[in-house]
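**Q**
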DNA sequence: CGAACGGTTGATCAAGATCAACGTCGGTGG
DNA sequence: CCACCGACGTTGATCTTGATCAACCGTTCG
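Chains as they are written, first to last, in full-length UniProt numbering: chain A, 1 to 248; chain B, 1 to 248.
(1) For residue 46 (chain B), count neighbouring C-beta atoms within 10 Å of its own C-beta (all shown protein chains included) and say buried if the count is 16 or more, exposed if not.
(2) Pull up the distance between the alpha-carbon of residue 219 (chain B) and that of residue 232 (chain B), whole angstroms please.
(3) According to DSSP, simplified to helix, strand and coil, what is residue 183 (chain A)?
(4) Just to confirm the assignment: which complete beta strand (DSSP E) runs, minimum length 3, are found wholly within the segment 132–207 of chain A?
(5) Would residue 236 (chain B) pass as an interface residue toward chain A - the criterion being a Cβ-Cβ separation below 7 angstroms?
(6) With which residues is residue 63 (chain A) paired in a DSSP beta bridge?
(7) Provide the residue(s) that pair with residue 226 (chain A) in DSSP beta bridges, ordered along the chain.
(8) Mind reading off the beta-carbon distance from residue 88 (chain B) to residue 21 (chain B)? Whole number of angstroms is fine, and I expect it under 8 angstroms.
(9) Sorted by chain position, which residues of the same chain lie with C-beta nearer than 7 angstroms to residue 126 (chain A)'s C-beta, five sequence neighbours on each side aside?
(10) Assuming residue 212 (chain A) contacts residue 166 (chain A) under a Cβ cut-off of 8 angstroms, what Cβ separation, rounded to an integer in Å, is found between them?
(11) Counting contacts by CB-CB distance shorter than 7 angstroms, is residue 127 (chain B) in contact with chain A?
(12) Taking the beta carbon of residue 137 (chain B) as the centre, do at least 16 other beta carbons fall within 10 Å, making it buried, or is it exposed?
(13) Count the other CB atoms within 10 Å of the CB of residue 153 (chain A); is the residue buried (16 or more) or exposed (fewer)?
(14) Less than 8 angstroms between C-beta atoms, sequence neighbours within five positions excluded: which residues of the same chain meet that for residue 113 (chain B)?
(15) Does the distance from the CB of residue 13 (chain B) to the CB of residue 19 (chain B) come in under 7 angstroms?
(16) Any idea what DSSP makes of residue 18 (chain A), helix, strand or coil?
(17) Please compile the residues from chain B whose C-beta is within a distance smaller than 8 angstroms of the C-beta of residue 133 (chain A).
(18) Under 6 angstroms Cβ to Cβ from residue 120 (chain B), same chain only, skipping five residues before and after it: list those, please.
(19) Who are the neighbours of residue 147 (chain A) on chain B, taking C-beta pairs under 7 angstroms?
(20) Do you know offhand how far residue 66 (chain B)'s Cα is from residue 162 (chain A)'s?
(21) What residues of chain A sit near residue 152 (chain B), judged by a beta carbon separation below 7 angstroms?
(22) Would you say residue 190 (chain A) reaches chain B, if we count a Cβ-Cβ gap shorter than 7 angstroms as a contact?
What follows is the structure, given as structure tokens:
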């Protein structure tokens, strides 16, 4: 049986770790106060399904800590990840009743949830929220399109390198470092989840990770702890042009 | 040399064929009048590149008539389509200076362009525009995610069937018919463009189209004119569950 | 301890890529 | 008028990448 998270979170938005990146990033104190009235926290453990595709959704919200995946599954069991949710990412689609994808917690996870109806109502008259959500959605769309190139045209090796560089870069921006030189991080995904991300089998993922290690593109400590000695080299293996998608 | 379009378009938004579906769908008469002051029409011929990836963009806009594609290209020439733009679809990303993708007119095309800076300024104080753009962006994100499943997990035959069903469905909603029973339409894409859409080679596209024809899933008159005798059958071949993605 | 889970590695197979030839249609210029 | 060319499409033969099937390892957890 799931044991309740012992950890206690401050309800105070001022202390919120994702305050400056989430949907509420642009909100004024009075707007935060209003959001506060319709918000609540929920904890999930690793492996738990947060939302089932097709379910009626009565909340939207932000990932506060932990990692979740958005996945689509065909009747015969083939599954494709279509979103990777990190802290500050938004869950749920205002204006739609039913969830379109499964949302699964990959690690232990905390969400800041807003009751859906009041949130939608508030969004309608609070440009600060609507604007921020638009911005975040446009970013997600860009990420999805980058991902489509990976899925449609890259080789298995390039796919793995692409995924590693994406995780490395996200990690760097989270720690507010530039993405260059040596980088170290932990893989937040199992080999199977990586396969579902990249449209591969887990065997192919395992082989290509080993190959990148053998060729010195990455170093591994255990199965998950990755060191990238030369980020440019990794980008090269990913087939990305060197600028790495820096957009004005 | 490109010959100028002889056709003349009414500047009048009241007669605009995409009025009810575009970014301006929710605008009041006074807002339309303001948009009118920053708008202009541009025509492109089939094959013409509208925007090059990396270019500075000085406008955003809506496709009024015709079809365009968003594509990404790797240094070695591999290309992946990441968006298919039909009438009423929006082009450009407010808040970003440089284009992230190539935009190419697949057919002769007319765009209703807005000068970027004034449009962004106006969006900041016109919720009707921002809200509609958010809604359209969320729809595009959903489409991109559906597409990711196609790219990552479907077989070549399923990919072709998926593309045909998407085009058939879009066509049906444009003509305001329900997507069922017999459907007839023209393919707006060459075999090569279909391949770039689906992450296949043009040879595989050709073979699978022939196979679907041989198996009676579709009928062809010429290379482009398609008849789908049984839409359910097509959905089945696409591996989609029967509801066809009808979401509340 | 044994089972479950995550991961690695090997042998074999098949879907789709690649290379190549050919067909059709619609201009265009001699 | 016809010959030629280029764009688009089809089909065949062969090759390669990644899938599939299978065995096995190490860790963790009842």
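We put the beta carbon where it would ideally sit given N, CA and C, even for glycine.
**A** Per the coordinate set shown:
(1) Position 46 of the second chain, counted from the first residue, corresponds to residue 46 (chain B). Flag for residue 46 (chain B) reads exposed.
(2) Taking the first residue of the second chain as 1, we reach residue 219 (chain B) at position 219. Taking the first residue of the second chain as 1, we reach residue 232 (chain B) at position 232. Residue 219 (chain B) and residue 232 (chain B): Cα-Cα distance of roughly 15 angstroms.
(3) Residue numbering aside, residue 183 (chain A) sits at position 183 when the first chain is read from its first letter. Collapsing the DSSP output to three states places residue 183 (chain A) in a strand.
(4) Given a length threshold of 3 residues, each whole run of the beta strand (DSSP E) inside the segment 132–207 of chain A is given here in chain order: 183–186.
(5) Along the second chain, read from residue 1 onward, the residue named residue 236 (chain B) stands at position 236. No, residue 236 (chain B) does not count as interfacial toward chain A.
(6) Position 63 of the first chain, counted from the first residue, corresponds to residue 63 (chain A). Note: residue 63 (chain A) is bridge-paired with A:111 in the DSSP secondary-structure output.
(7) As a working mapping, residue 226 (chain A) is identified with position 226 in the first chain. Answer by DSSP bridge pairing, in chain order: A:185, A:220.
(8) In the second chain, counting from the first residue as 1, residue 88 (chain B) sits at position 88. In the second chain, counting from the first residue as 1, residue 21 (chain B) sits at position 21. Indeed, because the Cβ distance is near 4 angstroms, the residues count as touching under 8 angstroms.
(9) Walking along the first chain from the start, residue 126 (chain A) turns up at place 126. Annotation for residue 126 (chain A): 31 place their beta carbon closer than 7 angstroms to its own, counting only its chain and skipping 5 residues before and after.
(10) As a position in the first chain, residue 212 (chain A) is number 212, starting the count at 1. As a position in the first chain, residue 166 (chain A) is number 166, starting the count at 1. 15 angstroms between Cβ atoms; not a contact.
(11) Position 127 of the second chain, counted from the start, is the residue given in the question as residue 127 (chain B). Closer than 7 angstroms to the CB of residue 127 (chain B) there is at least one CB belonging to chain A.
(12) Here residue 137 (chain B) corresponds to residue number 137 of the second chain, with the count starting at 1. Counting Cβ neighbours within 10 Å, residue 137 (chain B) comes out buried, since at least 16 surround it.
(13) Along the first chain, read from residue 1 onward, the residue named residue 153 (chain A) stands at position 153. The C-beta of residue 153 (chain A) has 16 or more other C-beta atoms within 10 Å across all chains shown, which makes the residue buried.
(14) As a working mapping, residue 113 (chain B) is identified with position 113 in the second chain. Within the same chain, residue 113 (chain B) has close Cβ partners 39, 40, 41, 42, 59, 60, 61.
(15) Walking along the second chain from the start, residue 13 (chain B) turns up at place 13. Walking along the second chain from the start, residue 19 (chain B) turns up at place 19. Taking 7 angstroms as the Cβ cut-off, residue 13 (chain B) and residue 19 (chain B) qualify as a contacting pair.
(16) Within the first chain, numbered from 1, the residue matching residue 18 (chain A) stands at position 18. Coil at residue 18 (chain A), not helix or strand.
(17) To locate residue 133 (chain A), count along the first chain from 1; it is residue 133. When 8 angstroms is used as the limit between beta carbons, residue 133 (chain A) is near these residues of chain B: 134, in chain order.
(18) One-based indexing of the second chain puts residue 120 (chain B) at position 120. Taken in chain order, the residues that qualify are 94.
(19) Within the first chain, numbered from 1, the residue matching residue 147 (chain A) stands at position 147. By Cβ distance, chain B contributes 148.
(20) Sequence index remark: in the second chain, residue 66 (chain B) carries index 66 (1-based). Sequence index remark: in the first chain, residue 162 (chain A) carries index 162 (1-based). Distance between the alpha carbons of residue 66 (chain B) and residue 162 (chain A): 34 angstroms.
(21) Within the second chain, numbered from 1, the residue matching residue 152 (chain B) stands at position 152. Listed along chain A are 80, 151, 199, each with a C-beta nearer than 7 angstroms to that of residue 152 (chain B).
(22) For this step, residue 190 (chain A) is matched to residue 190 along the first chain. The beta carbon of residue 190 (chain A) sits no closer than 7 angstroms to any beta carbon of chain B.
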